[in-house]
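Following: one structure in structure tokens, then a few remarks.
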Amino acid sequence: MDDPKIYTAIVGVIAAWVTAAFAFFNMLNTKHAKTSEFRQQWIDKLRDETAELLSTSMLVSHLNKERAELIQNGSEKNKAEIKIKEKEILDSFQKIMRLRVTISLRINKNDKNASLRNLNNEFLSWLNNVSCMADSQDFESCKKCAISAQKIASQILKKEWERVKTGELAFKLTVFLCVPFLIVGLTGIVYLVTKIT
């Protein structure tokens, strides 16, 4: 079998196989990198929005307490300060509501991971409690509620980070199934080359 056409065909098959393998792995890596990048952005935004919501909730609770004290003192001078506090409270409360809705839209109540799903639902419940507490004058209760929500948020962020590090299930399955396929393909090419030569 010294026909140069056969060697040309073998080289062509090998080149096509190697090109396809590299293209496939490149596609997988690009998709995985993009997914990880988007998930990391999601984690960063959730962290920032949660911190802002919790701190604003505690601020509103504190402002409500100050406002109540000003009302209790009842002097004419306090009326202007009360108006200023009420404006600050209203602006901050609107911010709380916007953040609560934004965070709620980010959280998947029906996550496939049962432990993460439970954390997500518990977190949403705590966020609701924190924003309700903000409307009260009980700063200490609001603070305790915010600390609990922060702990749950930390657990969620950790689980999501673990998900980013390990990759999506589809990516893992594809790699798991493709590596043996590529080995079989390479073995087949080696066998073909040894048979022909």
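Just so you know, this note's numbering puts 103 at position 75 of the sequence shown, and the rest follows in order with no gaps. Cβ coordinates follow ideal geometry from the N, Cα and C atoms, glycine included.
The C-beta distance from V158 to A174 rounds to 5 Å, short enough to meet the 8 Å contact threshold.
The Cβ neighbour count for K115, taken over all protein chains shown within 10 Å, is under 16; the residue is labelled exposed. It is roughly 10 Å from the alpha-carbon of A48 to the alpha-carbon of V41. A buried status is given to F167, since no fewer than 16 other beta-carbon atoms sit within 10 Å of its beta-carbon. A distance of 8 Å or more separates the beta carbons of E188 and T130. Per DSSP, K172 is one residue of the alpha helix (DSSP H) stretching across F167 to T194.
Segment contact: the segment 59–68 against the segment 122–139, fewer than three CB-CB distances shorter than 8 Å; contact not assigned.
As the crow flies, the alpha-carbon of L98 is around 46 Å from that of R67. Taking a 10 Å sphere around the C-beta of W154, we find 16 or more other C-beta atoms and assign the residue as buried. Between I110 and L91, the C-beta spacing is not below 8 Å. Here A37 is exposed: its Cβ has fewer than 16 other Cβ atoms, across all protein chains shown, within 10 Å.
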